[in-house]
Each structure stands twice: as C-alpha cells, then as structure tokens.
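Peer 1:
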Amino acid sequence: MENRKRKRELSEDLRTKIVEKYQQSQGYKSISRDLDVPLSTVRNMIKKFATHGTVANLPGRGRKRKIDERLQRRIVRMVDKQPQTSSKEIQAVLQAQGASVSARTICRNLNKMKRYGRRPRRTPLLTQRHKKARLQFAKMYTSKPNSFWENVLWTDETKIELFGKAHRSTVYRKCNEAFKEKNTVPTVKYGGGSKMFWGCFTASGTGCLDCVQGIMKSEDYQRILGRNVGPSVRKLGLRPRSWVFQQDNDPKHTSKSTQKWMATKRWRVLKWPAMIPDLNPIEHLRRDLKIAVGKRHPSNMRDLEQFAKEEWSKIPGERCKKLIDGYRKRLISVIFSKGCATKY
492 MENRKRKREL SEDLRTKIVE KYQQSQGYKS ISRDLDVPLS TVRNMIKKFA THGTVANLPG
552 RGRKRKIDER LQRRIVRMVD KQPQTSSKEI QAVLQAQGAS VSARTICRNL NKMKRYGRRP
612 RRTPLLTQRH KKARLQFAKM YTSKPNSFWE NVLWTDETKI ELFGKAHRST VYRKCNEAFK
672 EKNTVPTVKY GGGSKMFWGC FTASGTGCLD CVQGIMKSED YQRILGRNVG PSVRKLGLRP
732 RSWVFQQDND PKHTSKSTQK WMATKRWRVL KWPAMIPDLN PIEHLRRDLK IAVGKRHPSN
792 MRDLEQFAKE EWSKIPGERC KKLIDGYRKR LISVIFSKGC ATKY
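Heads up: the sequence shown runs through residues 492 to 835, numbered per this note's numbering.
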C-alpha cells in the first residue's frame, strides 16, 4: 500500500479568498475549481467562518502540552536555586508530585527559558576570608589610573610539560575510525617530563624568561630575581624608583629570607592577597605560551626550553598592552561579584 503524502495546511490568504468568493455568491464547486482546493475543504472552511467568524487556527488544536506555564516556572525555580540539578533529578521530583514528564522534554523547556546545560567553569576554592581580601584589594586599587598599572612588573612561574594536553580537543572522523593514528593524541605518563619557567611582563611587552633548575627554593628564587628583574626593567622602560614589583603568595616569595633580600633591593612590592589568579594578567600569557610551545611539538627538554624562550619573546606588545588597559574592568568585576571568582 502506497504511503499517502501529508497534505500541507492551507495558508490564511487562501482561506480568506475562499470566504470572499463565497460572499460574492460563488458556489462551492466553482470556488474549488478556481482555487484548486478540495470541495470538502471549501465546505469546512465556510462552515468554520460561519460558526467562529474567523478562518485562523483556533486555540487548543493539537496535543496538549505536558508542561504548562505553572509547571515550567517550578522547573525554572529549581534550576535557578540549584543549577547543578540534572534533568533526571527534576524528572524524579515531578514524578513524585504526580507529573509524568520525560527528561528530554524538561531539557527542551529549560532551553526555551534560556537555561542551557553547560560544563561548570573551574574556579579557585574561595573562603569568606579570601572573598573579603579580594574585595578589599579591588576597592583599594580601583581608583588607580592606568599609568600605575603600566608601571607594574607582573611576574609568575609556570610549568610546561613536554607532552602536555592537546589544546585541540576535536577531530573530524568517520564512524569506526576513532583509533586510527591520525585521529588520536599520543600521551606519556606524567607528561613525559616538564620544566618550570619564571617570567615577567609589563604593558610594553614581555621581559626575561628563565628556566628553573630542579626544585625551586627561596635562595633559587632570589637568584632568578637577581638575574632577570634588573635587565627586564631596563628593557621594558619602566620608570626608575617608581616601578612596582608584583608576585603572588607562594611560600618561596613570602619567606623571611626573600623578604629580607628584597628589602636590600628597595623595590616597591605590590601587596597581593591570596587566591586572586583572575587579577593577575600574566595568567593569560602563560596559557598563550603553553599553546605556542605545544604547536611546535618539542621532542626533548632542550627543545622545550628553547621553544619556550623563543615563543615568550614573540608575544606581541599589543597583547600585553590590551591586558593592562582592561585591568580596571577586572577590579570592577570583583567588586560586582562581591569578592567571588570572575570571568577573567
């Protein structure tokens, strides 16, 4: 038996023409012939107009919705209160209340209400003490002009693995080709080894990048600063005696011996609270460096160190300037979030 094609619904213009021709005393058969519409359709359309006074679709046609407006509001309140609630959990709650709805229908209705399922962003674990310190820092420095931040030497350490995680996480392949060599990413235990680097930058560009040999202690950190801070300050054109040194609260940075050593240098050190990586713009350059080194596929530790120094020096000055020019926005975001983590 041949499958019958589903007939398309008549447009509202065509329905209106049927009624107009009937009002002009034209017969059913004549209307059907002129407009190429079945006779029964003409009859039903005229009957509908006589009964309801309209040819538009009437409300209540089709299958009733499983989720009405009241139930939809309840679902939205549930995910707004606890965003990590799954559709299966919502389904179980509604079923216990006598509403039988599929998890897929729940997802569709949440998307309709502009609630989309996404992986949660990873942020530092912040205590109330951390949030308070972050908020105080943001309020203290939000009035500083951009020229102040342009005169800050931003520093940090980063670890780069020889065979780190691939930043390209998507491959386009055919079915049953998942384990073809071109569609896989080779991995090595513990990343195949790694190196730690200390780097610095300002609004005008990147400074020195030094490789840390072995496990860095306070004395090693002081030697790295002694070798690299002075040349970087001169290279980047920071104002003498007014530039500001920034570092995080790593124990090597805040140890008594390091603090005593810095006092002899007479550097102005920016008081930096704990747990504020989103306020340190060098975090973005660290990611840029790892991606750039990963694309060059170093095969040994010597290549890794060489590629890291080359790629660090290639980071454009415009990139550095853009990070510093938008620094006040970071502080405002911390204030707006009441000390919680921000998108930066």
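No residue lacks a Cβ here, since even glycine has one placed at the ideal position from N, Cα and C.
As the structure is a prediction and not an experimental result, all values here were calculated from the model.
(1) Taking 8 Å as the cut-off, does the stretch 612-624 touch the stretch 742-762 (at least 3 CB pairs, one atom from each stretch)?
(2) My guess is that THR749 and SER709 are in contact by the Cβ rule of under 8 Å, so how many angstroms apart are they, rounded?
(3) Pick helix, strand or coil for ASP571, following the three-state DSSP scheme.
(4) Does LEU530 come out as helix, strand or coil in the three-state DSSP assignment?
(5) Smallest Cα separation from LEU693: which of ILE715, PHE628, LYS726, GLU802?
(6) For the stretch 614-677, list the alpha helix (DSSP H) runs that are entirely contained and at least 4 residues long, ordered along the chain.
(7) Have a look at GLU809 and ASN719 and give me their C-alpha separation to the nearest angstrom.
(8) Report the residue from LEU526, ASP794, HIS744 whose alpha carbon sits nearest the alpha carbon of SER502.
(9) Among TRP689, PHE654, SER685, which residue has its Cα nearest to the Cα of VAL676?
(10) Evaluate the contact criterion for the stretch 580-593 versus the stretch 556-568: three or more CB pairs, one atom per stretch, below 8 Å.
(11) Nearest-angstrom Cα distance between SER848 and ASN642?
(12) Going by DSSP, what residues sit across from LEU700 in a beta bridge?
(13) Taking only runs of the alpha helix (DSSP H) that begin and end inside the stretch 571-597, which ones reach a length of at least 4 residues, in chain order?
(14) Could you please give the first and the last residue of the uninterrupted alpha helix (DSSP H) stretch that includes GLN750?
(15) With distances taken Cα to Cα, identify the nearest neighbour of GLN514 among ALA541, PHE798, LYS829.
(16) Taking contact to mean 3 or more Cβ pairs, one atom from each stretch, closer than 8 Å, check whether the stretch 770-789 and the stretch 662-675 are in contact.
(17) Is it buried or exposed for PHE827, if we count other Cβ within 10 angstroms and need 16 for buried?
(18) Which of the three DSSP states is assigned to ARG759 in this structure?
(19) If you run the structure through DSSP and keep just helix, strand and coil, what is VAL735?
(20) Assign LEU822 to one of two classes, buried (16 or more other C-beta atoms within 10 Å of its C-beta) or exposed (fewer than that).
Peer 2: With the structure as the only source:
(1) no
(2) 5 Å
(3) helix
(4) helix
(5) In the sequence as presented, Leu is not what sits at residue 693; that position holds Thr. Minimum Cα distance to THR693 is reached at LYS726.
(6) 619-632, 637-641
(7) GLU809 and ASN719 have their C-alpha atoms roughly 22 Å apart.
(8) LEU526
(9) PHE654
(10) yes
(11) Here the chain has residues from 492 to 835 only, and residue 848 is not among them.
(12) GLY690
(13) 578-587
(14) 747-756
(15) ALA541
(16) no
(17) Residue burial annotation: PHE827 is exposed, with fewer than 16 other C-beta atoms found within 10 angstroms of its C-beta.
(18) strand
(19) strand
(20) For LEU822, the number of other beta carbons within 10 angstroms of its own is at least 16, and it is reported as buried.
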